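S.K.: Going line by line, the protein sequences match chains R and W. Number 38 in my numbering belongs to position 38 of the first sequence; there are no gaps in the numbering. Counting the second sequence from 1 gives a position; my numbering is that position plus 1000. C-beta atoms are modelled at their ideal positions from N, C-alpha and C, and glycine is treated no differently. Being a predicted model, the structure only gives us computed values, none of them experimental.
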Amino acid sequence: MIAFMALVCWTLALLSHGLLQSKIQRLLLIGNTHATALRVVRLVLPLAALVLCMRLTQPLGLMIWLGMFSLGGLLAGGVLTVASVRARKPRAEA
Amino acid sequence: MRDILRNRMGWLHAWVGFVCGVILVVVFTGGSLAMFDTEITRWMQPELSGLSQLTLTEEGLNRAGEQVQALRDAGQTVFLNMPSARDPVLRILHYDGHAFVGPALNPRDGSDLNVRQTQGGQLFFDLHQSLYRGPVWGNMVTELVAIGLLVAVFSGIVIHFRNLVPDLLLFRPFAAPGRAWLDAHLMAGVLMLPFIIMITYTGAVIHAPRLFPMISNGYGGKAANRPGHDRAHGIAPSAPLGPMWKQAEAVYGEGNIGFIRFEPRAVSFYRSDAANFVITRDHVDFSPRDGQQIAVKPGERGVQSLGGVMRGLHYARWGTSGLRWLYFICGAVGSAMMSAGLVLFVIKHRRNHGGTVRLAVAEAFTLTVTFGLPFAALGFLWSNRLIAPSLAQRDLLEAKVFFLLWLCTLVHAAVRSCTGHVRAGWREQAWGIAVLGCGLPVLDVVSRSGTAFAPRLDVYGVVDACALGFGLLAVWGQSMIARSR
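#1: Can you list the residues of chain W that Ala6(R) reaches, using a CB-CB cut of under 7 Å?
#2: In terms of residue numbering, what span does the alpha helix (DSSP H) encompassing Gln1129(W) cover?
#3: Name the chain R residues that come within less than 9 Å of Phe1171(W), Cβ to Cβ?
#4: Report the neighbours of Arg42(R) on chain W: residues whose CB is nearer than 8 Å to its CB, in chain order.
#5: How far does the alpha helix (DSSP H) with Phe1371(W) in it extend, from its first residue to its last?
#6: With DSSP as the reference, please indicate the residues paired to Leu1397(W) in a beta bridge.
#7: Closer than 8 Å, Cβ to Cβ, to anything on chain W: give me those residues from the segment 47 to 81 of chain R, in chain order.
#8: Quick check: the segment 1157 to 1175 of chain W against the segment 1354 to 1368 of chain W, are at least 3 beta-carbon pairs closer than 8 Å?
#9: Of the residues Ile1481(W), Arg1385(W), Val1343(W), which one's Cα is nearest the Cα of Val1446(W)?
#10: With 16 other CB atoms within 10 Å as the buried threshold, where does Met1(R) fall?
#11: State yes or no: is the C-beta of Ala1152(W) within less than 8 Å of the C-beta of His1013(W)?
#12: Which of the three DSSP states, helix, strand or coil, is assigned to Gln1478(W)?
#13: So Ala3(R) contacts chain W; which residues on that side make the cut at Cβ distance below 7 Å?
#14: Helix, strand or coil: which one does DSSP assign to Arg1179(W)?
#15: Comparing the C-beta of Arg26(R) with each C-beta of chain W, is any distance below 8 Å?
#16: Could you list which residues in chain R have their beta carbon closer than 8 Å to that of Leu1333(W), in chain order?
#17: Just to confirm before moving on: does the CB-CB distance between Gly1021(W) and Met1192(W) stay below 8 Å?
#18: Using 8 Å as the threshold, is the C-beta distance between Pro46(R) and Cys9(R) below it?
#19: According to the Cβ coordinates, are Asn1276(W) and Trp1318(W) closer than 8 Å?
#20: Below 7 Å between beta carbons is the criterion; list the residues of the segment 1173 to 1187 of chain W that meet it against any residue of chain R, in chain order.
#21: Taking a contact to mean a Cβ-Cβ separation below 8 Å, would you say Leu28(R) touches Ala76(R) in this structure?
#22: According to the Cβ coordinates, are Pro1374(W) and Ile1329(W) closer than 8 Å?
#23: Can you tell me the Cα-Cα spacing of Thr33(R) and Leu20(R), whole angstroms?
#24: Counting Cβ pairs, one atom from each stretch, are 3 or more of them under 8 Å apart for the segment 1397 to 1412 of chain W and the segment 1360 to 1379 of chain W?
#25: Can you tell me whether Thr1038(W) is buried or exposed? The criterion is at least 16 other CB atoms within 10 Å of its CB, across all chains shown.
#26: Does DSSP put Arg1108(W) in a helix, in a strand, or in coil?
#27: Find the nearest neighbour of Gly1439(W) within the set Arg1091(W), Ser1383(W), Ser1390(W), judged by alpha-carbon distance.
#28: Here's a check: name, in chain order, each residue in its chain whose Cβ is nearer than 8 Å to the Cβ of Arg1098(W), leaving out the five neighbours to either side.
#29: Run through chain W and tell me which residues come within less than 9 Å of Gly18(R), C-beta to C-beta.
#30: Measure from the alpha carbon of Ala13(R) to the alpha carbon of each residue in Met68(R), Lys89(R), Cys53(R), then state which is nearest.
#31: To the nearest angstrom, how far is the alpha carbon of Leu1033(W) from that of Val1442(W)?
#32: What's the gap between the Cα of His1160(W) and the Cα of Ala1414(W)?
#33: Pull up the CB-CB distance for Ala1430(W) and Gln1478(W), whole angstroms please, since I reckon it's below 8 Å.
#34: Buried or exposed for Leu1005(W), please, with buried defined as at least 16 other CB atoms from any protein chain shown within 10 angstroms of its CB.
#35: List the endpoints of the continuous alpha helix (DSSP H) containing Asn1062(W).
#36: Note down, in chain order, all residues in the segment 1146 to 1162 of chain W with a beta-carbon under 8 Å from any beta-carbon belonging to chain R.
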């Protein structure tokens, strides 16, 4: 359960990180809206995941935290890639 | 100044990355599979599928001890592997030069379960740690490529330093092929960076003595089943193991005994690697004559236990199955990242060296390690069920099938590259993976129908599901290759 929560935290934090990048904003055809909220999420959720993982025995907790960064990044990257492909389709059809 | 540094690092990253990467894809793929070596071995011994969860008894252990004694009298060096959550049977094992093999016994009464002989998942472990080339040269090569990977990682960080964080999640599959592969390579590389640095550094440190044999302890990892090899031959009769086991469990805790070694002057009960994060090889020694406890010997402590920490981090035997899956996924993604790097190298050099033999060789090796290895691994699993269970030395035959299939993919890749049809070669090998992967669950069901087959989520079901998953992934992959420009 802790590992799953850490995964959710990392995925949301990295999604926020992605949405803050200008190249991804251009691909998704979105502006730089809610930047402050996204920055807060990007900062707070990894720390929340770390606090959760510290409740596990060590070094398992630390390894889960780092591992969930990798898996969360893959998930967030996948979501952004699918979104960018979908955003591109109307332009290609037009 | 910065651009000069980046250019030089770019050259270093490309060449060190390609030369080492061809081997590293094998090492990472083998290591990922080796995370589940015990489970793969169980899948490859379907005779165990009908066994319900059995508990170890003193009677079972005593009878196993008598069989070990008989083998030692015959001059073999063997040890006894204790049942665990991952492998619920007793095993009398010896090292055959590549893997620990031997009969499996029922832990309840010590009877022989008559499992087929196989190297099982340990073939992938040996491929991972020494490329199946033995503990001297094989280890030395993997050690060198591990150092090469660290060089490639740090040169890669220097090259992409400015865009590393902003482009962390940037993947544009619709971009030009070179850009799309670079995005995939960067994204997987940066996301897996903590794992790759940890696993490479610990792996390099564990086998560092291979590079400096003059200061190592001279471990040779020789095969141990030759007659007259056991120093204890004819010396020490062994007392019943049951009472010793109970005393050893009183020291290390219930279920924490990993294996039993038999020395001329002692029977040693070793603490399981799964019992603690640091692998220390703590053991309790007993007299083989009367079973009296001689000593409790702790392993390395303090600074000297650093090696145990490295081994604990690298092997993760202490971890839960969830942690092993994490290692498996990270290893597989790391392997895919390196394959993407190899493809990038080939794409970049195709502009200037298209049609040359050198490029064809690079393309052939890239294809062989990326798709040829999973194809051969699936073929290895198929051979396990198709070769007769009672055939003599069938474990070696299975290994030969694996390497023969892998060689076939190399020849196929070389022919396709030299004739300018490398894209067709990628698709054909992907189809090969798809056929073997999607067919494996069917083969498992058919070949286990004579035993106690029941559909459930055990090691058999999970291996079948993974093979099916890789098969479907290969179908999707070949369709992407067909659609790409």
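M.R.: Per the coordinate set shown:
#1: Simply none; closest approach about 11 Å.
#2: 1122 to 1130
#3: Gly77, Gly78, Leu80, Thr81, Ser84
#4: Neighbours of Arg42(R) on chain W: none; closest Cβ ~11 Å, over 8 Å.
#5: Neither: Phe1371(W) is in no alpha helix (DSSP H) and is coded neither H nor E.
#6: Partner(s): none; Leu1397(W) has no beta bridge.
#7: Pro59, Leu60, Met63, Ile64, Leu66, Gly67, Phe69, Ser70, Leu71, Gly73, Leu74, Ala76, Gly77, Leu80, Thr81
#8: no
#9: Arg1385(W)
#10: exposed
#11: yes
#12: helix
#13: Gly1322
#14: helix
#15: no
#16: Reading off the sequence shown, one finds Val at residue 1333(W), where the question assumed Leu. Result: Ser70, Leu74.
#17: no
#18: yes
#19: yes
#20: Pro1173, Phe1174, Met1187
#21: no
#22: no
#23: 9 Å
#24: yes
#25: buried
#26: coil
#27: Ser1383(W)
#28: Residue 1098(W) is actually His in this sequence, not Arg. The answer, listed in chain order, is Gln1119, Gln1122, Leu1123, Asp1126, Tyr1132, Ala1399.
#29: Leu1168, Leu1169, Leu1170
#30: Met68(R)
#31: 21 Å
#32: 33 Å
#33: 4 Å
#34: exposed
#35: 1058 to 1073
#36: none
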